[in-house]
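Below: one structure, written as structure tokens.
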Amino acid sequence: MSTYQISPDVFFLAQQGKMIVWDFISHRQYSLNRDYLHVLLEILETGQSDHQLIVNELSAASLIQPFTHRATQWEWSLISKIFHFGTRNLPYVELSDDPKVFLQEYINCCNNLDVTEKIQKQIATNPLITLPTPNSEHLDKKKFSEILMERRTCRDFKRSSVSLAEFSSLLFYSFGNCRSDWPEIKQAQLSTNALHKSYPCSGGIHAANFYLIIYAVEGLVEGIYQYHDQSHQLEFVTGGDMEEQVTKLNRKQFYSKGLSFGVYISIEFDQYWKKYKHSKNYKSIYTDIGHISQNFLLCATALGLFTWLTGEFEEQQIEALLKINKANEYVLFFLGAGKGSGKAIPTFE
């Protein structure tokens with residue numbers, strides 16, 4: 000009698016009164032009755048079962064494998080493996096080979112999406128602060144090639160004030176709705192569902208929010224603010240010196256001490272769910288975070304600031320600190336900027 004093992008490429012899910020086994024490599028799901036569950040338990044415990052018909056079915060479905068079968072190498076947790084392989088090689092609907100037909104099908108698909116709120120207007124619960132008019136000349140002092148070469152991650156900051164005018168320009172060109180109307184879209188009589196920013200975003204969704212930790216910006220009291228990117232305004236959330244608290248919640252990474260300001264980026268997941276129905280698009284969120292981050296880093300470098308960034312922090316406590324109360328909004332990344340030595344490795348006297 001052959002010896003088997005349960006495939007390492009499946010997981011079990013109890014859902015709606017059923018036991019589901021999910022093969023995340025082949026993207027197949029099966030509902031199991033008691034007989035099949037019993038055989039799987041026997042194989043789990045002994046590697047064998049006398050119920051040969053069921054064994055044959057389980058083997059044909061690749062839910063069990065010969066005991067000598069080697070699992071795919073993966074050195075992270077099972078959760079990451081499930082997501083990585085579970086979103087690869089997905090089946091898709093065949094589209095036309097004709098470029099014109101392909102394009103029209105794409106446009107029709109976008110127009111048929113149930114996105115009733117094209118651009119959600121940001122609602123403030125506190126008074127708004129109008130920022131100075133952005134000035135692109137603040138970012139034009141260096142050649143682009145110089146900015147690319149000078150960008151680095153700094154871990155040694157000396158708290159020093161940033162002018163409100165430069166701060167305003169940095170926010171606007173990093174995160175703001177900085178592009179003018181898009182004549183091509185109007186001429187094609189297409190609906191405008193997206194904000195126009197200087198970085199790309201999956202599906203033009205732009206579901207990011209920006210929470211600022213202000214330490215040393217001229218004209219602003221220390222504290223937490225939310226940047227309203229559609230109107231280029233700040234909403235005051237709460238005051239106080241947050242440096243020790245933020246350092247602690249950033250898992251004691253002291254590198255952020257001395258920053259002029261920091262930015263926590265959150266994402267409203269439900270905005271993605273409206274357009275993209277498959278979990279593969281969870282990847283899109285982190286790709287978008289990367290676009291946003293690089294935009295900020297280059298703009299800050301153009302202003303002569305050093306930058307630091309991290310995704311390592313106490314998410315739930317940070318969300319409480321920022322007073323985020325939307326059910327599907329989650330903080331994913333932190334960016335900081337300021338003046339200092341530019342050192343990647345700080346030195347201690």
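Mapping to numbering that gives the first Met the number 0: the sequence shown position 144 is 143, numbers consecutive.
In this text, a Cβ means the ideal position worked out from N, Cα and C, and glycines have one as well.
Opening and closing residue of the beta strand (DSSP E) in which residue i lies
i	result
Glu429	Look at the range of the chain in this structure, 0 to 348, and you will see that residue 429 is not part of it.
Thr129	Leu127 to Thr129
Tyr224	Gly222 to His227
Gln47	Per DSSP, Gln47 belongs to no beta strand (DSSP E) and is neither H nor E.
Tyr207	A small fix is needed here, since residue 207 is Ala in this sequence, not Tyr. Unbroken beta strand (DSSP E) run through Ala207: Ala207 to Ile213.
Val9	Val9 to Gln14
Ser30	Arg27 to Leu31
Gln64	Ile63 to Pro65
Tyr3	Tyr3 to Ile5
Length of the line joining the Cα atoms of residue i and residue j
i	j	result
Ser399	Ser79	Shown here, the chain extends from 0 to 348; a query on residue 399 therefore has no answer.
Phe312	Asn249	4 Å
Asn107	Leu189	10 Å
Cys153	Lys342	5 Å
Asn32	Asn125	56 Å
Ile264	Ala319	14 Å
Asn324	Pro90	37 Å
Val38	Gln103	51 Å
Asp8	Ala70	8 Å
Lys282	Lys273	16 Å
Thr237	Gly16	46 Å
Gln293	Ala59	48 Å
Lys185	Leu194	14 Å
Gly175	Ser6	48 Å
Trp75	Gly85	15 Å
Gly222	Phe171	20 Å
Asp240	Tyr224	13 Å
Met148	Asp139	15 Å
Phe332	Leu12	31 Å
Asn111	Glu56	41 Å
Asp180	Ser159	37 Å
Pro98	Val92	16 Å
Phe143	Lys322	37 Å
Leu36	Gln14	15 Å
Terminal residues of the alpha helix (DSSP H) in which residue i lies
i	result
Met18	Taken as a continuous stretch (DSSP letters only), Met18 belongs to no alpha helix (DSSP H), being part of the beta strand (DSSP E) at Lys17 to Asp22.
Tyr172	Leu163 to Phe174
Leu147	Phe143 to Glu149
Pro98	Pro98 to Asn110
Gln121	Gln121 -> no alpha helix (DSSP H), and no H or E assigned at all.
Gln51	Gln51 to Ala59
Gln186	Pro182 to Gln186
Chain-order list of residues whose beta-carbon lies under 8 Å from that of residue i (same chain, five-residue window excluded)
i	result
Phe10	Val20, Trp21, Phe23, Leu77 and Ile81
Phe260	Val161, Phe166, Leu211, Ile212, Ile213, Tyr214, Ala215, Val216, Gly335, Ala336 and Gly337
Gly218	Leu163
His227	Gln121, Ala123, Leu127, Leu233 and Glu234
Same chain, Cβ closer than 6 Å to residue i, neighbours up to 5 away in sequence not counted
i	result
Arg27	none
Cys200	Asp287
Val330	Tyr263, Ser265, Glu314, Ile317 and Glu318
Phe295	Ser173 and Leu334
Glu41	Ser48
Pro133	Ser167, Ser168 and Phe171
Trp73	Lys80
His50	Val38
Integer Cβ distance of residue i from residue j, believed to fall under 8 Å
i	j	result
Ser255	Trp307	6 Å
Ile266	Tyr198	So it is not a contact: roughly 14 Å between Cβ atoms.
Ile128	Leu233	4 Å
Ile63	Tyr3	4 Å
Tyr271	Ala206	6 Å
Ser30	Asp155	With a Cβ gap of about 58 Å, Ser30 and Asp155 do not count as contacting.
Asn208	Glu44	Incorrect: roughly 50 Å between the Cβ atoms, too far for contact.
Close beta carbons around residue i, own chain, < 7 Å, minus the five adjacent residues each side
i	result
Pro131	Leu163, Ala164 and Ser167
Ser25	Ser61
Ala299	Leu169, Thr306 and Ala336
Phe253	Thr246
Leu94	Phe101 and Glu104
Arg150	Leu296, Leu297 and Thr300
Val220	Gly238
Ser1	Pro65
Cys109	none
Of all the beta strand (DSSP E) runs that stay within the bounds of the stretch 226-259, which reach a length of 3 or more residues? If we require 3 residues or more, the beta strand (DSSP E) runs fully inside the stretch 226-259 come out as 232-238.
Just list the alpha helix (DSSP H) runs in the stretch 260-343, keeping only unbroken ones of 4 residues or longer that don't cross its boundaries, in chain order. Fully enclosed alpha helix (DSSP H) runs of 4 or longer: 268-274, 281-301 and 314-320.
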